[in-house]
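One structure is given below, encoded as structure tokens.
Protein chains: 2
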Amino acid sequence: MEQVYVSYPSLDENKRHGAQQAGTQSETTQDKLIISNERPWKPWRSARSRIRGWAIRVQNAMLCLAGLEWYCYAALGVLMALMSFVMDLTVAKLLRAHHWLYSCLEGHKLLQFLCWTLYPACLCALSTSFSHSICPQSAGSGLPEMRAILSGVQLPDYLSLSNLFAKLVGLICTLSAGSSVFLGKVGPFVHLSNMVGAYLHRMYASACGTKQRRTQGDMLVVASAVGVASCFGAPISGVLFSIEVMGSHYSVRDYCPCFFAAVCGALSYRLLAVCSGEQETVNALFKTRFPTEIPYQPPEILFFALLGLLCGAVSCVYLFSHRWILRFVRANKLISRFIATEKTLYSGFVAFLLALVTFPYSAGSSMASQLTMRQLICSLLESTQWNSISHNATLLEESQQSLWQEWSPPGSSVYKTLGCFLIIKLWLLVLACTLPLPAGYFMPVFIYGAALGRFLGEGLAYLFPNGISPDTLSVINPGGYALVGAAAFAGAVTHTLSPALCALEMTGQSTHVVPILIATLISNAVSRSKHQPSFYDGISLIKKLPHLPSLIRACPKLSSVQIGRFVAPAGAVLQRGEKMAGVQNVLNNSTESQFPVVDTHESPTLLGTVTRDQLQAFLLEIQTEVLCKSLEDVCHIKPATLQLSPETTVKQVHCIMSVVREQRVFVTENGKLCGLITWKEVRSSAGKHTNTHTHTHKHTS
Amino acid sequence: MEQVYVSYPSLDENKRHGAQQAGTQSETTQDKLIISNERPWKPWRSARSRIRGWAIRVQNAMLCLAGLEWYCYAALGVLMALMSFVMDLTVAKLLRAHHWLYSCLEGHKLLQFLCWTLYPACLCALSTSFSHSICPQSAGSGLPEMRAILSGVQLPDYLSLSNLFAKLVGLICTLSAGSSVFLGKVGPFVHLSNMVGAYLHRMYASACGTKQRRTQGDMLVVASAVGVASCFGAPISGVLFSIEVMGSHYSVRDYCPCFFAAVCGALSYRLLAVCSGEQETVNALFKTRFPTEIPYQPPEILFFALLGLLCGAVSCVYLFSHRWILRFVRANKLISRFIATEKTLYSGFVAFLLALVTFPYSAGSSMASQLTMRQLICSLLESTQWNSISHNATLLEESQQSLWQEWSPPGSSVYKTLGCFLIIKLWLLVLACTLPLPAGYFMPVFIYGAALGRFLGEGLAYLFPNGISPDTLSVINPGGYALVGAAAFAGAVTHTLSPALCALEMTGQSTHVVPILIATLISNAVSRSKHQPSFYDGISLIKKLPHLPSLIRACPKLSSVQIGRFVAPAGAVLQRGEKMAGVQNVLNNSTESQFPVVDTHESPTLLGTVTRDQLQAFLLEIQTEVLCKSLEDVCHIKPATLQLSPETTVKQVHCIMSVVREQRVFVTENGKLCGLITWKEVRSSAGKHTNTHTHTHKHTS
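Sequences listed follow chains A and B, in order. Numbering (full-length UniProt numbering) for the first sequence: 1 to 701. Numbering (full-length UniProt numbering) for the second sequence: 1 to 701.
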């Protein structure tokens, strides 16, 4: 064996030296094991060992530069950007294949019909069957579940790797079904990002061991920001999204990691587009060219506010229909049994139905159904007035002209097409929301809002052909209205303000920041009136997921409900002077890992907690040594850092538990232990009120 | 008296009806009082009463539409925008007067010298003497104090109306001193906004009475956002500022109010500019015209990252010098005694010194000292390369040409001017920070960063005259580097990321969002390395203000320190069976408003609290009725909703107290009361560690 050492003495000396310093036998044994494993015929032995030495030095230098967690954040950003880019590429190829096939069959209406309808139907069926056979939890957007996990509920299936795989493949199929199914990618992407984040956190935790300073919760908050950022290349709105959607209290120490990871994701995503030759430089996703000198006249702000009102009102209709159809699907015995047993068939059927309506030779011709989602948004954000193009078609570039022709087919005006699109798409979108497959609902809503804004903008352009104040040369820009409408409608549906920033970052238009914010605030005010639940809250309520902020929003009484009546019994309780028999009994009859210790069972003043390991050590010691020792002589009782009283309100409990990130808090009354509160109890307290709430809802509706 | 009723019977009937409904005597008496106060000769009695009726109806309709707090937020935004606009106008007039006087004296160097130096010296002296004679607390930016107030410390002088007045007038004087003194307005403006917010909250609280749902803390968080928003017309960065600077946990329910108020402020501020004819439409404050097609080549991102590193390094120098000079001024007996007794003289002298250096016939000629702050930033953000102008001066418009001539005086290159500016301004800025007058330090830092970026940009433009990759037609845009540098340097000095967004919103440039964020993140990483305190933290530490997040950042050990050794004695404690004598004794010897009640004094198990009022009622009852009753028979003991143990860490205590917004929390050990924790104790725990920290600092330096 000594011969092996000869070839790389310097490294080995280091190793031996290190082993001697540490003074442990195990390390040297390990060294020998490594060395004995190295077969003598392996080539470039000295080179490899030198490289290994360098790698260790680089690793140490990197860890000097920043903590391990920062590399995890960067890796998360880059991974998600790569995933987003590959997904976009695949979806674009599949969509182009469909378009090519459809145009090849020109002249054969029946074949075209089959191609148009069966392609998305098959893809949706595939998406459903694949995701459900691998991981049934991968259906839907996953955002309400992520919110529940972030607020402390344990839903381990939602962060598993099989779910990641199922969701990724399912989402690609869903997106490839195109604009007839009309579903997006943001929500599942945030979920995917959370799964990758959870996986990275597990690696980080195993590398750091016990001294880790960041919890999984921190990583998930960061991952949510990365999800949005790498989906649109929009870092700031990603951070705002994770602030306002993901919890009720945002810890400012997550702020820098969020920004860092989001910028990594957004930059990688955009650089990938540059590398693939798609774009010339790092640019916005849907870059617009609005006039910058006078983007809008000051009086137009009133119209933008009006658009906010309109978007708010339509969002109420949409949210009501969405809740209604989800409840109907669950309540109707026939449909719910059909979905429960034949998910794939149901998906295929609904997708077929959606494609039937959008078939270009049926209603599709009057709702621009041949455009993909990307083309839809690009055409709606075009700053040229469509009305003026009708008179002079040379105003547009060729690529834009083909888009415009879809909106203004021969024998029909743009107003009619936009109107048809708005009326029909709303119901199609509501129907698509029942599909049991991985899908996002943000982008469709965003596009719908853009169409709503465009409709108003084109109408105003018709009314004021020379602009609002004719003495200046600026005319009305319907693209600006589309942008504002998109942000306002998406904000109203989700009850958030981050779509405003998302619209800015996606288009690179900072001229309209004030109108966008005004319209989004107004539409939010309308859609939040009367404590209506948001899109996410609606799903949370129907799926009975415990997301307290949304429950409080839906049922404001809850915030003043006292926790007293939801307190759970504390389970197995030990007393200070507990002897062997009692401890043995508790260990046998309970599966908990932590037990509260009280003064005596008669006067249960809470002293603290002991762990299962401590109890087992106690039993071991008492069996081998002295028999008369009691629990408190052997175990260190860890004091409970926090005690609540039964009079604390549900809201306070939620605040405290989410800030301190404690999973269980003891409730004492006059110092006496009377039970404990875990997330289950907070959930059940919320659940009871939700049920009564849903009940009253049913009665009123 | 009955005659008075005759003329407006309908309203009076309403009133009577209302009074009968309420069934209280006091209301009718009040009604009569109001009516008897109305003199019979007052004109348009019926019209006035009708108007009053309408006003009440409008008020009710408005309250139906939204809660009273939303009107307060809107009022706050509009008021601050108005204040900002009027301040800008006044300052611009005073600056123009100085400029006019200086140019009138052309040819008389001595007179010009006196005009150049005495004008700012007098204004600074005036600012100091005015603000100190009215309210000594109005000096400085006020941001560190606001952070302390928001984290729960009581500093009532900092929110008084006299402080508002002193700060407003003092700030106008400071800003009018111009670019030789080189101070800004953001910090004091956030403070002003907080004062107005606190005043509005007092009105809101008195209108709502006991049922108010919003605390003063909520209003102050909103006011901070409004301060930044109405100062620059930048709503989003205002909200981000209030998230990251003002506390350690951001409550998401403040998010919508923050945005709403910030948008109100920013919109009003920009609309005022439109109304005054300054701008044609709602536009960014320092609007830039960067090329939008290819704003930068992808390889330039590396240079932007380098700029981030550079800004981070320079910010470390600046922060170190700033802390050093503040400590020096406090430690040097001569200077500190001079400042303590002759603040006005000191201000005048320092301003004179600053003006002496920047006098155009001394060093000022080679550092563009004739430009105002606004002109400085506009000229630095110009996208044309200054180097190329030297060859072809017709590239610029006339207004820009005069600015450029300041940067490139005859016989000197732009590089030399920029270099002189960078070297001299740093020390002048550090010196200006010692001035005891209301002033902000954000804008100077922002401009300094812009100059730093411009210097790098011009250097790169010299090295690569045809752009980084010569096959495309885009050349290097030094204005982009200036923008990135400004955001990165301001972010590094304040340890925040909101300057990145601030730069975007102030210039309306969304093309550079990714470079700005990258550079700001890198410069932040550099300046935060080795736990150096930020600009605000440095002031907090030197002023010994209790801002825990900054203290934890400066002294990371603190987060794991247990609260046990800082627990204060609980003061006067009552026992459950306390009799008259004991209660009387406690009431006489203590001034507290709340007292803890324990089981017995021997075994002090905490039961809850009683208030002083309850105790006085108890004494009254016991004197008039039965003598044998004890405390618990008469008073309802309110249970303590929250108990901590001595093992809780300082950080946890801070989290919990800031989230629940409790001012005092009881500490129990095994159910027995052992003391309480208020903000004073958290502060003292922090203070002790700060002192040791400052101590070690002194030793090392």
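All C-beta atoms, glycine included, are put in the ideal place defined by N, C-alpha and C. Keep in mind that this is a model prediction, so the values were computed, not measured.
Go to residue i, then tell me how far its alpha helix (DSSP H) extends in each direction, as first and last residue.
i: Cys104(A); result: 68 to 104
i: Tyr318(A); result: 300 to 331
i: Arg45(A); result: 45 to 65
i: Gln454(A); result: The sequence as given places Arg at residue 454(A); Gln does not occur at that position. 442 to 463 is the span of the alpha helix (DSSP H), which, as asked, contains Arg454(A).
i: His249(A); result: Run containing His249(A): none in the alpha helix (DSSP H); it sits in the beta strand (DSSP E), 249 to 251.
i: His495(B); result: Per DSSP, His495(B) belongs to no alpha helix (DSSP H) and is neither H nor E.
i: Pro639(A); result: Taken as a continuous stretch (DSSP letters only), Pro639(A) belongs to no alpha helix (DSSP H), as it is neither H nor E.
i: Gly419(A); result: 414 to 432
i: Cys124(A); result: 109 to 134
i: Asp254(A); result: Asp254(A) -> no alpha helix (DSSP H), and no H or E assigned at all.
If the cut is a Cβ gap below 9 Å, which residues of chain A does residue i touch?
i: His601(B); result: Ordered by position in chain A, no residue passes the 9 Å Cβ test against His601(B), which lies about 15 Å from the chain.
i: Thr605(B); result: Thr605, Asn670, Gly671, Lys672
i: Ile236(B); result: Ile236, Leu240, Ala500, Leu501, Leu504, Val513, Leu517
i: Gly440(B); result: Correct list: empty, because the minimum Cβ distance to chain A is about 22 Å.
By Cβ distance below 7 Å, which residues in the same chain neighbour residue i in space, the five residues on each side in sequence not counted?
i: Ala305(B); result: Ile518, Ala519, Ile522
i: Leu619(A); result: Met580, Val583, Gln584
i: Thr29(A); result: Because Thr29(A) sits at a pLDDT of 45, beneath the cut-off of 50, its placement in the model cannot be relied upon, and the following sentence gives the value as read from the coordinates. Correct list: empty, nothing qualifies.
i: Ser242(A); result: Val221, Ser224, Ala225, Cys258
i: Gln509(A); result: Thr288, Phe290, Leu483
i: Ser379(B); result: Leu371, Leu403, Trp404, Trp407
i: Cys231(B); result: Ser84, Lys185, Val186, Phe189
i: Leu155(B); result: Glu145, Ala148, Ile149
Quick one: measure Cβ to Cβ for residue i and residue j, integer angstroms, because I've assumed they're closer than 8 Å.
i: Phe165(B); j: Ile134(B); result: 6 Å
i: Ser151(A); j: Gly247(A); result: 6 Å
i: Gly227(A); j: Val190(A); result: 3 Å
i: Gly485(B); j: Ala450(B); result: 6 Å
i: Asn387(B); j: Tyr462(B); result: 6 Å
i: Val430(B); j: His601(B); result: Rounded, the Cβ-Cβ distance is 58 Å, inconsistent with contact.
Taking residue i as part of the beta strand (DSSP E), name the residues at either end of that continuous run.
i: Ile677(A); result: 672 to 678
i: Gln643(B); result: 642 to 644
i: Thr668(A); result: 664 to 669
If the cut is a Cβ gap below 7 Å, which residues of chain A does residue i touch?
i: Gly453(B); result: Under the 7 Å cutoff, chain A gives no residues; its nearest Cβ is about 18 Å from Gly453(B).
i: Ser645(B); result: Pro639, Ala640, Thr641
Please return the same chain residues whose Cβ sits closer than 8 Å to the Cβ of residue i, not counting the five positions on each side in sequence.
i: Glu592(B); result: Gly571, Ala572, Arg612
i: Leu497(B); result: Leu240, Glu244, Gly491, Leu517, Thr520, Leu521, Asn524
i: Leu587(A); result: Arg612, Leu615, Gln616, Leu619
i: Phe130(A); result: Ala166, Val169, Gly170, Cys173
For a contact defined as C-beta to C-beta under 8 Å, what are the partners of residue i on chain B?
i: Arg270(A); result: Val514
i: Val252(A); result: Ile243, Glu244, Gly247, Ser248, His249, Tyr250, Pro549
i: Val274(A); result: Pro298
i: Thr648(A); result: Thr641, Leu642
i: Tyr255(A); result: Ile243, Glu244, Leu497
i: Phe259(A); result: Leu497, Leu517, Leu521
Closer than 9 Å, CB to CB, is residue i near chain D or not?
i: Val222(B); result: Absent from the structure is chain D; the protein chains it does hold are A and B.
In chain B, what lies closer than 9 Å to residue i by C-beta?
i: Ser369(A); result: None at all; the shortest Cβ gap to chain B is about 32 Å.
Starting from the beta carbon of residue i, find every residue of chain B whose beta carbon is closer than 7 Å, and list them in chain order.
i: Ala266(A); result: Val514
Taking C-beta pairs closer than 8 Å, name the residues in chain A that residue i reaches, listed in chain order.
i: Val263(B); result: Val514, Leu517, Ile518, Leu521
For residue i, which residues of its own chain have a beta-carbon under 6 Å away from its beta-carbon, when the five flanking residues on both sides are left out?
i: Gly233(B); result: Ala266, Tyr269, Arg270, Leu285
Inset, instruction - Can you check the segment 565 to 613 of chain A for any alpha helix (DSSP H) of at least 4 residues that lies completely inside it and give the ranges in chain order? - result: Taking only runs of at least 4 residues, the alpha helix (DSSP H) segments lying wholly in the segment 565 to 613 of chain A are 580 to 589.
Exercise. Which ranges does the alpha helix (DSSP H) cover as unbroken runs of at least 4 residues, wholly within the segment 150 to 230 of chain A, from first to last along the chain?
Worked result: The segment 150 to 230 of chain A contains these whole alpha helix (DSSP H) runs: 161 to 176, 186 to 208.
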